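Participant: Next up is a structure, given as structure tokens.
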Amino acid sequence: MTKVLVIDDEPQIVRALRINLTARGYQVLTAHDGTAALRAAAEGKPDVVVLDLGLPDMDGTEVIAGLRGWSRVPIIVLSARTDSTDKVEALDAGADDYVTKPFGMDELLARLRAAVRRSTTGGGEPEEPVVTTASFVVDLVAKKVHKDGGEVHLTPTEWGVLEVLVRNRGRLVAQKQLLQDVWGPAYVTESHYLRVYLAQLRRKLEPVPAHPRHLITEPGMGYRFEL
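In the numbering used here, the protein residues as written are 79 to 305.
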């Protein structure tokens, strides 16, 4: 049974979606704000997310960013915002589709089926929101790292580097890709940035920074994160 997480603070919208989705054989989870949504996604592992951007505690794009920190789950934005800049911002943040309110239920259901179909044919391993190594724990939802029972303070840039590597754990991430993902396309030749920040991360996270077991350098190619 396909599991759908509906995130909206309008009770009538949530009720209508729950009734229509349940009648068509979907399992429905709901959340009324961003905090509850991220928790529900981590605990419930939905197959697809339907998200309103206008939430009471945070903007929907922040929820998208939070989900994309650890998950490739399809996200369909369902919003009253019709401005193209809002659509671009949501899609750039990682949304897969955008439907404006008021909406036709048949169209939304068709888009939902398409999103799930693309996801299931895309392959890939399921992702986990919390990644545990022998030395530290990375919480991709809360954007925190814990080591020896306490939280490790990371700067936003340090977290950005670690997040990209953890999301691609076990796989080589090329220097240019890492620079583009964290700093942007204008910085793809600034490889010294990576040396500086990987050294900082190793000092904070590795048991023996001079002999890393988790944040591995592949000389001349890039970096790899290992459990």
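Note that the Cβ used here is the ideal one computed from N, Cα and C, for glycine as well.
As the structure is a prediction and not an experimental result, all values here were calculated from the model.
(1) Can you pull the DSSP bridge partners for Gln105?
(2) Determine the DSSP secondary structure at Gly201, reduced to helix, strand or coil.
(3) In terms of residue numbering, what span does the beta strand (DSSP E) encompassing Thr210 cover?
(4) How would you label Glu241, buried or exposed, when you count the other beta carbons within 10 angstroms and need 16 or more for buried?
(5) I'd like to check one pair, Val239 with Lys254: are the Cβ atoms closer than 7 Å?
(6) Assign Gly178 to buried or exposed, taking buried as 16 or more other Cβ atoms, counted over all protein chains shown, within 10 Å of its Cβ.
(7) Our contact map puts Tyr275 next to Thr235 with C-beta atoms below 8 Å; I'd like the distance itself, whole angstroms only.
(8) Any beta carbon from chain B within less than 7 Å of Glu268's own beta carbon?
(9) Looking at Ile85 and Leu129, is the spacing between their C-beta atoms short of 7 Å?
Facilitator: Considering the structure as presented:
(1) As a position in the sequence shown, residue 105 is number 27, starting the count at 1. Answer is Lys81, bridged to Gln105.
(2) Here the question's residue 201 lines up with position 123 in the sequence shown. Note that Gly201 scores a pLDDT of 47, beneath 50, so its modelled location is shaky; the value from the coordinates is reported in the next line. Here Gly201 sits in coil by DSSP.
(3) Position 132 of the sequence shown, counting from 1, holds the residue named residue 210. Unbroken beta strand (DSSP E) run through Thr210: Val208 to Thr210.
(4) On the sequence shown, position 163 is the one that residue 241 refers to. Classification for Glu241: buried.
(5) As a first step, residue 254 must be located in the sequence shown, where it is residue number 176. As a first step, residue 239 must be located in the sequence shown, where it is residue number 161. Their beta carbons are not under 7 Å apart, which means Lys254 does not touch Val239 by this criterion.
(6) Stepping through the sequence shown from its first residue, residue 178 is reached at position 100. First, the residue type needs correcting, since residue 178 is Thr and not Gly in the sequence shown. Exposed, by the Cβ-count rule.
(7) Taking the first residue of the sequence shown as position 1, residue 275 is located at position 197. Taking the first residue of the sequence shown as position 1, residue 235 is located at position 157. Tyr275 to Thr235, Cβ: 6 Å. Contact.
(8) The chain labelled as chain B is not found in the depicted structure, where only one protein chain is given.
(9) Along the sequence shown, one-based indexing puts residue 129 at 51. Along the sequence shown, one-based indexing puts residue 85 at 7. Cβ atoms of Leu129 and Ile85: closer than 7 Å.
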